[in-house]
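Written out below as structure tokens is the structure these notes cover.
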Amino acid sequence: MNNLNSTRITLHVNGKTCELEVAPNRLLLDVLRNDLGLTGTKCGCDDSSCSACTVLVNGEPMLSCLMLAAAYPDREITTIEGVASNGVLDPLQVGFCEEGGAQCGFCTPGMILTAKSLLEKNPEPSDQELREALSGNLCRCTGYIQILASVRRAIDLLREHQPQGVSQR
Amino acid sequence: MSVSPIGARIPMVDSEAKVTGKGKYADDLSLPGMLVGKILHSPHAHARIRSIDTSAAERLPGVHAVVTGHETPVKYGILPIGHDETIFTSDKVRYIGDNVAGVAAETEAIAEEALRLIKVDYEPLPAHLHPEESMRAERNLIHDDKPNNIEKEYHHHFGDVERGFAEAEYIREDRFDCAEVTHAALEPHSTLAAFEADGRLTVWSSTQVPYYLMKTLASTLQMPEEKVRVIKPLVGGGFGGKSEVIPLEPAAAVLARKAGRPVKITYTREEVFYAHRGRPRTIVELKTGVRRDGRLTAVEARIIQDGGAYCSYGVVTILYSGQLLNAMYDIPNVKFDGYRVLTNKPACGAMRGHGTVNARYAFETQLDMVATVLGIDPAEIRRRNFLKPPCRTINDLRVLSYGYPECVERVVERSGWRDKRGKLAIGKGIGIAGSHYVSGAANSIIRSNMPHTTVDLVIDREGNVTLYTGAAEIGQGSDTVQLQIAAAELGVELRRMKLVAADTSRTPIDLGSYSSRVTFMAGNATVAAAREARQKLLSAVAHALGENAAQWTIENGRVFQRGEPRRAMSFEEAARLACGSDSEIKTTGTYSPPAEAQGGKYKGAGVGPSPAYSYSAQVAEVTVDVESGQVTVDRVVAAHDCGKAINPLTVEGQVEGSVWMGLGQAVQEEMLWEHGHLMNPGLLEYRSASTLESPRIETIIVESHDPEGPFGAKEAGEGSLAATLPAVVNAIYDAVGVWITSLPVTPEKILKALEEKRHRTESRSH
């Protein structure tokens, strides 16, 4: 029941600071989707099986279905809506379009955010490193072939852009 | 030269919406005043409902509606002969998870509390949980009008199997048992229903079949169809699991009507598993007769499907399992006894490769068993039984394009088959198998004479082209393919095209995304609409200029007289000229399968016929750990005959996805039941494979150019699934010399088979 008193919380999401009143038992996934309207973060399983709800917390992929919204006042949260900057798609987003990594698209936000976190730490992952990084993110459409190709395409795009000093972020 | 969008690797037109998170799925939508709907599910597998008391739930503050089965008496079901469900049940519950009541409340927590306050007095009944026992039951039947709990049985006999087996020089009989599997699309089903002040209903739902959903909402809510509008937002995968009306859809609508406010229901993952409609457990008793040279003389199959508690697509599923034994190979004599059996478990329905998968696994595995005994190479025994199209099979399926022989040769070549089969180290193996699937059913479920699909095409005065289609994009890329087809036929650039799809009040009727019908059927209707629009535009332009229309053409959005491309006018100019005093040029295209493709006249002949069949051949390579029994699939090479790849990027995506889903069923996925409870209703427990367990899949596109397909195209989304299972099982035999006749191939089954093999070898040596 909703008998818990609401509490005032602060969230830093996609570079914006939001102050809102929520019950202390509310999950970050729920608050992102229903209070902030950031519906790009998906709920696929309710039990931390699928990672469709992945968001970045200070750059680390975390499952927003396991996080209390009130517990992250000082962290920078990035959702899929915060990945493109000024309408310019991130290389990962370009890769997922061009290589078919998004079929139904439901796992895509989580996949892109998980891959983004990986590539920032390790811009040239081996196949095994890439597979391990994405192994918590389930997809039922692709058999992962075009997802892996999409990330590879993003790696190529990042590599092409780097010598010219073009920012990827 | 014109640059045709046909055959181009074009990103899906909705991909940017998906990668940015901006695209909306049903659960992403909300309306002012929206309530949360929840469904009370049965805790009993089989029980009579003595009474339901909802008074405490109704009194709970924040609850706006409670609905039970007494208010929802109208029966429905996807098949006209299978109307056995109601929105909420009132007499009996027939599986754990059956739908007993619904509530709409201001929050999810209040809705859940309200469910707890509903008191249902059940009288438990003996439950029928095993198909072979259930079909002998005489009492406590699941549905009173289904004796022996048999939903439907079919007995087909084509040719003369007795003569065929008499002519055989080798006959083999085996029993195969395939576990139940489910779609587990990543998006849980979700429905938002809202009534307008004038009584019109709008429903946004995660559906593959907006048109059928609209009809069922109208019938179950007893409303005129023109007052019901179904809109399909983005759908997060279907695989057949959203290809019929799912209980939450009419439940949300009936709750919204009673509450007088919009209601959204989104299933939990556990509810998705119990809603199910997946592939039934299937027992296949198969007998194959061959001559010494491997030529098939007769096939006899007795197939039992554990259908669960309601009909769903069941009658079609059991028919597919028998009917599609036929359109791959030349089999002169075929007998099929099929039983769709009711049990007290969630209803099975259509799942990718509908009905064909388990029978294909049995057939292709037994074909390898036969080849092994006769000493014939498994690829060669398939060659010796190829059809010789154009032809009609013994059960009257018309086959025109047939890329299967090329598929076999291409996978043999690519995989290195000749250097590997029978020559790999112990524990390593390679196997081959084939499969096929319909490009849409030639006979519609609803037995109507109307076209299977209609599309409208509009060219406005500014030269914008809009395609209106009822077809349902569910992630397979059908919106993109339809736009490519329209752009190519019209002669304009893809960027000029816009699509309005899957909104029953705005788009013409399409039967939906199932049986792999959209590219072929909506594609053909799109060709027709675009061809007529092109002619209309050109004759209007020519007429306005006082010229002969036959001399005019459109290429890359430029309109010109043949031979004079330098004097071309832009498409915008041409559109303005052609529209004259009208606001737009509008054309309509339809598609109905030709009579010759609609099959025979015998009972059950309606299922199986298709205007065209896709074909797949696959080679799988595996490693079997003889100590642990663990099977690792290392590589799959899949050749798929899709007629013509309109978009190779999406064709490859469909083939890879099919193969991968087949692998899941082959080696790890399984619904585990105990006393009617599902023991693994979660994605991890169900063991959906991750990147780490997913092998290399290499796709080879084979293009047989179907004479009736749009630009020669056939289906690509389902036909590759079935071949994967037997290819893996045949590879396991090559690796360790045991046949696995039960799916999934678990380590326990491998170890047991190896143990039995050891015993046989030892007893022979004594």
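Residue numbers (this note's numbering), protein chains in the order written: chain A, 1272 to 1440; chain B, 138 to 903.
All C-beta atoms in this analysis are idealised placements derived from N, C-alpha and C, irrespective of residue type, glycine included.
The structure displayed is predicted, hence computed values, not measured ones.
Beta carbon of residue i nearer than 7 Å to that of residue j
| i | j | result |
| --- | --- | --- |
| Val-507/B | Thr-425/B | yes |
| Leu-197/B | Pro-399/B | no |
| Ile-112/B | Ile-441/B | Because chain B spans 138 through 903 in this model, residue 112/B falls outside it and cannot be assessed. |
| Ala-570/B | Pro-881/B | no |
| Ser-327/B | Ala-163/B | yes |
| Ala-1340/A | Val-1365/A | no |
| Gly-600/B | Glu-692/B | no |
| Arg-598/B | Ala-712/B | yes |
| Val-382/B | Val-340/B | no |
| Leu-1291/A | Cys-1324/A | no |
| Ala-330/B | Ala-390/B | yes |
Exposure label - residue i; buried when at least 16 CB within 10 Å
| i | result |
| --- | --- |
| Arg-394/B | buried |
| Cys-528/B | exposed |
| Glu-626/B | buried |
| Gln-735/B | buried |
| Asn-481/B | buried |
| Arg-1411/A | buried |
| Met-1272/A | Summary for Met-1272/A: the model assigns pLDDT 43, below 50, so the residue's position carries little reliability; its value from the coordinates is reported in the next sentence. Exposed, since its Cβ has fewer than 16 Cβ neighbours within 10 Å. |
| Pro-325/B | buried |
| Thr-209/B | buried |
| Leu-354/B | buried |
| Ala-562/B | exposed |
| Glu-1395/A | exposed |
| Met-816/B | exposed |
| Ile-722/B | buried |
| Thr-454/B | buried |
Cut-off 6 Å between Cβ atoms - residues of its own chain near residue i, not counting five sequence neighbours on either side
| i | result |
| --- | --- |
| Ser-857/B | Ser-753, Ala-775, His-777, Val-792, Ser-795 and Val-796 |
| Arg-497/B | Ser-572 and Ala-859 |
| Lys-289/B | Val-452 and Arg-477 |
| Glu-310/B | Lys-424 |
| Asn-1296/A | Leu-1275 |
| Lys-472/B | His-294, Val-298 and Glu-437 |
Any C-beta of chain B under 7 Å from that of residue i
| i | result |
| --- | --- |
| Glu-1352/A | yes |
| Arg-1402/A | yes |
| Ser-1438/A | Residue placement at Ser-1438/A is poorly supported in this model, since its pLDDT is 46, which falls under 50; the coordinates are not used for a value here. |
| Gly-1286/A | no |
| Arg-1346/A | no |
| Glu-1369/A | yes |
| Thr-1379/A | yes |
| Thr-1281/A | no |
Minimum Cβ-Cβ distance from residue i to chain A less than 7 Å
| i | result |
| --- | --- |
| Trp-797/B | yes |
| Ala-639/B | no |
| Met-138/B | Note that Met-138/B scores 46 on pLDDT, short of 50, meaning its location in the model is unreliable and no value can be drawn from it. |
| Val-156/B | yes |
| Ser-152/B | yes |
| Glu-793/B | yes |
| Ser-831/B | yes |
| Ala-321/B | yes |
| Asp-165/B | yes |
| Pro-347/B | no |
Per DSSP, cross-strand counterpart(s) of residue i
| i | result |
| --- | --- |
| Thr-205/B | Ala-238/B |
| Ser-900/B | Paired residue(s): none; Ser-900/B is not in a bridge. |
| Asp-314/B | Ile-420/B and Ser-879/B |
| Val-549/B | The partner list for Val-549/B (beta bridge, DSSP) is empty, contrary to what the question assumes. |
| Met-706/B | Val-696/B |
| Ser-841/B | Bridge partners of Ser-841/B: none, in fact. |
| Phe-295/B | Val-471/B |
| Ser-1320/A | Note: Ser-1320/A sits in no beta bridge, so no partner. |
| Leu-433/B | Val-427/B |
Residues near residue i in its chain [Cβ-Cβ closer than 7 Å; skip 5 each side]
| i | result |
| --- | --- |
| Met-634/B | Val-602, Leu-604, Leu-620, Ala-623 and Ala-624 |
| Arg-1423/A | none |
| Arg-551/B | Val-774, Glu-835 and Ile-837 |
| Lys-161/B | Pro-370 and Leu-371 |
| Leu-888/B | Gly-766 |
Own chain residues within Cβ distance below 8 Å of residue i, not counting five before or after
| i | result |
| --- | --- |
| Ile-143/B | Gln-621, Ile-622, Ala-625, Lys-781, Ile-783 and Phe-848 |
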